[in-house]
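Okay, so the sequence shown: first residue is 1 according to the UniProt record's numbering, each after it adds one.
Following: one structure in structure tokens, then a few remarks.
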Amino acid sequence: MADSDSNNQSAYANGNVTMESNYDEVVDSFDALKLNENLLRGIYSYGFERPSAIQQRGIKPIIENYDTIGQAQSGTGKTATFSIAALQIINYDLMSCQILILAPTRELAQQIQKVVLALGDYLKVQCHACVGGTVVRDDVLKLKAGVHMVVGTPGRVYDMIDKKALLTDKMKLFILDEADEMLSRGFKGQIHEVFKKLPRDIQVALFSATMPNEILELTTKFMRSPKRILVKKDELTLEGIKQFYVLIEKDYKFDTLCDLYESVTITQAIIYCNTRRKVDTLTAKMQEKDFTVSSMHGEMGQKERDLIMREFRSGSTRVLITTDLLARGIDVQQVSLVINYDLPVSPDNYIHRIGRSGRFGRKGVAINFVTPQDMDAMKSIENYYNTQIEEMPADVSSKSKNTNNF
Numbered sequence: 001m002a003d004s005d006s007n008n009q010s011a012y013a014n015g016n017v018t019m020e021s022n023y024d025e026v027v028d029s030f031d032a033l034k035l036n037e038n039l040l041r042g043i044y045s046y047g048f049e050r051p052s053a054i055q056q057r058g059i060k061p062i063i064e065n066y067d068t069i070g071q072a073q074s075g076t077g078k079t080a081t082f083s084i085a086a087l088q089i090i091n092y093d094l095m096s097c098q099i100l101i102l103a104p105t106r107e108l109a110q111q112i113q114k115v116v117l118a119l120g121d122y123l124k125v126q127c128h129a130c131v132g133g134t135v136v137r138d139d140v141l142k143l144k145a146g147v148h149m150v151v152g153t154p155g156r157v158y159d160m161i162d163k164k165a166l167l168t169d170k171m172k173l174f175i176l177d178e179a180d181e182m183l184s185r186g187f188k189g190q191i192h193e194v195f196k197k198l199p200r201d202i203q204v205a206l207f208s209a210t211m212p213n214e215i216l217e218l219t220t221k222f223m224r225s226p227k228r229i230l231v232k233k234d235e236l237t238l239e240g241i242k243q244f245y246v247l248i249e250k251d252y253k254f255d256t257l258c259d260l261y262e263s264v265t266i267t268q269a270i271i272y273c274n275t276r277r278k279v280d281t282l283t284a285k286m287q288e289k290d291f292t293v294s295s296m297h298g299e300m301g302q303k304e305r306d307l308i309m310r311e312f313r314s315g316s317t318r319v320l321i322t323t324d325l326l327a328r329g330i331d332v333q334q335v336s337l338v339i340n341y342d343l344p345v346s347p348d349n350y351i352h353r354i355g356r357s358g359r360f361g362r363k364g365v366a367i368n369f370v371t372p373q374d375m376d377a378m379k380s381i382e383n384y385y386n387t388q389i390e391e392m393p394a395d396v397s398s399k400s401k402n403t404n405n406f
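Structure representation (structure tokens):
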């Protein structure tokens, strides 16, 4: 892996580097991948028509048994990249765990499980999610009954391996998703412990939005001559998303939100705040004014978060106020509007937040509430993504008609 090249942001102040691709083969249709027929049926039933940039490059090397590193942001279709590859290489006659996927959060692990089960519907794949906040005994029973694939968080997965409920002897592919996020959450030790329990010759695939030095160390330890695939920022899904900002004094953010809420037709929206306290305060203030909103953050119990996500996915609540907890990997297909009530602290989180408002070519709108003090941060985001965030037009409702009513 190469050090950051001079054209790219040495703006990675935390020691991130820009990875250079060493694998440029592009497969521009799912048919050309020579996949299992029932897997192809699952892919088309899921609504995919042609592979995204990361899928065009990333599925084939995994299927061909290469260790693979994919640097790609949320919203580029990377979950389906490794899910399709994993589903292709499973031996369905063998009811043993052959694929292990680690993810940083329960929500992401459960989302990956849903994608795997949907894509693998015609293959009758058995995929279990091992995550904290669920009953350990249920995990043990399910694993002992037999599964083809396990996706989970590092702590619970290690616990299941340690208890000998999850056997590793038949595993052939180990996938790390959102590796940068796992390391930032302090899972490095647990990932190492899990890896030590896996077969020595296991194939490894790692996906990460950024490449901090810690990840480079991880790839050196775990991987053999990996194929490296970089989906550059200009291939990401800011395309198709109209980005606006509203310049307001901090004290008037709430009034601006209420005005906006009343002047546009919202199908489904996510509002991001930077702190849990802000989420709670904003939710209470909106509900006082009889706006129907729900909220979610990391201090809530797992059952409560699951219920809120179910209601939001089903459309019974249309507006969700949340922190960056939701900003990585949770695919809510109908979301057409994202409001950054607070600009994200890190430019990386900007695409994680708004990237979900126009996934896979769906149109979307992102509105950033910007105080005079935030202007420099917003300019940094524009430079970081080589994009333009326009000032919100005064006539919001007529603008909304041009963007599928948000």
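We treat Cβ as the ideally placed atom computed from N, Cα and C, and that holds for glycine.
Taking all protein chains shown into account, decide if residue i is buried (16 or more other Cβ within 10 angstroms of its Cβ) or exposed.
i    : result
R156 : buried
G70  : buried
V135 : exposed
Q287 : exposed
L94  : exposed
V231 : buried
T265 : exposed
T322 : buried
M375 : exposed
T220 : exposed
P344 : buried
T76  : buried
Roughly how many angstroms lie between the CA atoms of residue i and residue j, to the nearest whole one?
i           : j    : result
K163        : L143 : 11 Å
K60         : L102 : 21 Å
I175        : G301 : 27 Å
L247        : S380 : 16 Å
A72         : I354 : 15 Å
S208        : D177 : 7 Å
D324        : C273 : 8 Å
T317        : I389 : 28 Å
residue 475 : K289 : Here the chain covers residues 1 to 406 and nothing more, so residue 475 does not appear.
residue 416 : G315 : Nothing in the structure corresponds to residue 416, since the chain is present only between 1 and 406.
Y23         : L257 : 46 Å
R305        : Y261 : 24 Å
Quick one: residues in its chain with C-beta nearer than 8 Å to the C-beta of residue i, no 5 flanking neighbours on either side, listed in chain order?
i    : result
K285 : F254
R50  : D28, S29 and F30
K124 : Y92
L40  : F30 and D31
Cα-Cα, which of the options is closest to residue i?
i    : options                  : result
T105 : I54, K289 and E181       : E181
V335 : V365, H352 and I308      : V365
L337 : K242, Y252 and F312      : K242
A165 : Y66, A145, K172 and V151 : A145
Q126 : I99, R137 and L218       : I99
Excluding the five sequence neighbours on either side, which residues of its own chain have a C-beta within less than 6 Å of the C-beta of residue i, listed in chain order?
i    : result
F312 : L320
Y384 : P347
I367 : F244 and I339
L35  : Q88
By Cβ distance, which residues of its chain are closer than 7 Å to residue i, with the 5 residues on each side in sequence left out?
i    : result
K197 : I161 and T168
A377 : L343
Do the stretch 218 to 234 and the stretch 369 to 376 meet, that is, are 3 or more Cβ pairs less than 8 Å apart? no
Would you check if the stretch 122 to 139 and the stretch 199 to 218 touch, i.e. whether three or more CB-CB distances between them fall below 8 Å? no
If we count Cβ pairs, one from each stretch, closer than 8 Å, do we get three or more for the stretch 78 to 93 versus the stretch 105 to 119? yes
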